[in-house]
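A short write-up of the structure that comes next.
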Amino acid sequence: MALISTSPSSLSSSSSSSAAIPRRSFITFKNHDNKVRMNKTMIRGSSSSDSSRALSNGSSVLFRAAKHTVDTYITSGMVVGLGSGQASAMAIEYMGRQLRAGALKDVIGIPTSVASANEAAVAGIPLDQYQDTSQIDFAFDDADIIEEGTLVAVIGRQQPKGDESIIQEKSVLNAADKLVFMVSENQYKGVLDGSVPVLVQPVNWMETAEEIDDLFIGDAEVWRRASIGLAGPLGGDFPLVTKEGHHVLDIIFTSPIPSLAKVAESLGKLDGVVDHGVVSKFPLVSLFLGILILLLFHVTPTSESAFVAPTSE
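The sequence shown runs 695 to 1007 under the working numbering.
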């Protein structure tokens, strides 16, 4: 399946690339006063060989999605949150090229991780550190999974190093006026599985782990993440310690995750929990060549009920 990003204003410009593709479906997400909306466009390839070529050329697809994100949403003078992951790394590298070519000017990057800071330094992007008062115009990031319908995301499933921080990553994302997630189509699911990372205080962490286990008893296992060696419920002799000094517990769901929002709400009520990998901003979706580009507008929590179920047009 080949996918292409589009919006009402860009349909005419994309017509040449999709002329041979016979079927197209649109799904719109919008709030109750229609101030925010974006179309999700799915274009199905005309032959199975097209899909095979797309699957065998994953890096090219990722780069095209990263390029599309930078070209579409980043303009000169912006402060940009720089995400972590394969697609984000490609977007950072392309941003650097655009700056060197003069297509972008006066852009400042705020990294979400040590890795993205290093990638930005190599790319020649001027950097600033995140602070509580940071004004971030736009941010992009990878996500581990996106919940279809609610569009709540999970980050932090794969962060093996103690110098990375879910707290820093979420802080940058939440501070951004607009946010894009770039994920593959198979990471956008109605039925969720896998794990949710949780940051906990190191003191009495086992008590916190037991409380989390009680929340999801029969549906999940709780393991402390190890820094080296095999993973296990206790994290071995060398548990992962984040740069803020927290331990990471992975809630490994053995049954489908019923609701990421409810998981986040339940975790937020436990004293020993510092933060978790659930990101609950509200995305509006476009699709680009096998990569979902999820554009999130900064809205207040009171707007949660404003979003309606997808409707076909």
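Ideal Cβ placement from N, Cα and C applies to all residues, glycine included.
Using beta-carbon positions only, say whether residue i and residue j come within less than 7 Å of one another.
i: Ser896; j: His941; result: Sequence check: residue 896 is Pro here, not Ser. In contact: Pro896 and His941 (Cβ atoms closer than 7 Å).
i: Val866; j: Thr827; result: no
i: Asp831; j: Gly779; result: no
i: Phe834; j: Ala785; result: yes
i: Val846; j: Leu954; result: yes
i: Asp800; j: Gly775; result: no
i: Asp969; j: Leu893; result: yes
i: Ser960; j: Leu909; result: yes
Could you tell me the distance, in whole angstroms, from the CA atom of residue i to the CA atom of residue j?
i: Ala920; j: Leu756; result: 30 Å
i: Ile819; j: Ala797; result: 13 Å
i: Thr844; j: Val967; result: 23 Å
i: Ile860; j: Gly971; result: 7 Å
i: Ala759; j: Asp871; result: 20 Å
i: Glu879; j: Phe932; result: 35 Å
i: Lys956; j: Ser974; result: 11 Å
i: Gly929; j: Ala814; result: 32 Å
i: Asp944; j: Ala795; result: 43 Å
i: Gln792; j: Leu934; result: 37 Å
i: Tyr788; j: Lys761; result: 7 Å
Apply the 10 Å Cβ neighbour rule to residue i and answer buried if 16 or more other Cβ atoms are within range, or exposed otherwise.
i: Val916; result: buried
i: Ser742; result: Low confidence applies to Ser742: its pLDDT is 39, below 50, so where it sits in the model is not reliable, and the reading given next is rough at best. So Ser742 counts as exposed.
i: Ser782; result: buried
i: Val816; result: exposed
i: Ser750; result: Confidence in Ser750 is poor, its pLDDT being 37 and thus under 50, which makes the residue's placement too unreliable to answer from.
i: Gln829; result: exposed
Mind reading off the beta-carbon distance from residue i to residue j? Whole number of angstroms is fine, and I expect it under 8 Å.
i: Gly888; j: Glu842; result: Not confirmed; about 14 Å, so no contact.
i: Phe875; j: Ile840; result: 7 Å
i: Ile804; j: Val773; result: 6 Å
For a cutoff of 7 Å on Cβ pairs, would you count residue i as touching chain D?
i: Leu873; result: Within the model displayed, chain D is absent; a lone protein chain is all it includes.
| said: Whether or not the stretch 845 to 854 and the stretch 815 to 830 are in contact is what I'm after, with contact meaning three or more pairs of Cβ atoms, one per stretch, closer than 8 Å; do they touch? | reply: no
| With contact counted as at least three CB pairs below 8 Å, one residue from each stretch, are the stretch 898 to 913 and the stretch 941 to 956 in contact? | yes
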